Structures are given as structure tokens and as C-alpha cells.
């Protein structure tokens, strides 16, 4: 079994992000204070911490001709769950950075992926592998 990871991210709008993670991504809220909130992020611990909004520019790298935001974080889902989540996010009118699409179709490492921002501008990537055993395949 893979142990859960812990990630802490900065947010400049704690309440907007709290609503996003609870109501859009359906993450269960855990402990909290005036400056941070814990979430069950698909079996992992995500903590949003208040930090004033930075003035830095967004950086991206080109992947498949798309501008992938750096840094980003996310979760690898089972294939069918990814597609159900993608449909749910579309219904909630999420503004995708990169719309859900399939990479390496028919090849080793075939995967579905999508990118979007939380209300604080943190980039999230959710993906799924057609064959989960190829997660680290070369």
C-alpha cells in the first residue's frame, strides 16, 4: 500500500479555497484555524495555508504543445473515476488550463490528463493511466 502524502500550499484567499476544495472537489475538511485548513485530498492530507498573494509571474513548460503550469500537484485516479471527475468539473463550469485529453494513445503510458487552477492560482493536474501498472513505465 502506498502511504498517504502530505502537501501544504499557499493561498491568498482562505475562504474561497476552502469552498473550492469542499464544494467543487468534494474533499472532506479536517482541522482548521484562522490561517490554515486540512483536507482529505483523495486519501492524502492537503493543507491550505494563508499567505499574501505573490507578485511573481506564472511559469509554464511546453508539453504536447500545451503550456503546463509549473509548479503543479494532483492525483492519479483510476481510469473511470478520472472521466467521472472530468464530467463533474465540466458541469461545474471549471475553467480548464488544459481540457481533459488523452496522451500517448495506444502507446506505453497512455493517460488521461487535465489541468485547472484553484481560486488562489495553484495549478492542479489530475490524471489516470489506461493501465495503472504503466505509471512509471519508460
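Residue numbers (this note's numbering): 6 to 143. All C-beta atoms, glycine included, are put in the ideal place defined by N, C-alpha and C. Everything numeric in this text was worked out from a predicted model, so none of it was measured.
- Across the structure, residue 132 and residue 38 are spaced so that their CA atoms are roughly 31 Å apart.
- By the CB criterion at 8 Å, residue 104 and residue 119 fall inside the cutoff.
- Restricting attention to 138, 125, 143, 134, the CA atom closest to the CA of residue 15 is found in 125.
- In this structure, DSSP gives residue 117 an extended state, which the three-state scheme calls strand.
- In the three-state scheme derived from DSSP, where H, G and I count as helix and E and B as strand, residue 61 is classed as coil.
- Under the DSSP assignment, residue 85 falls outside any beta strand (DSSP E), being part of the alpha helix (DSSP H) whose first and last residues are 84 to 96.
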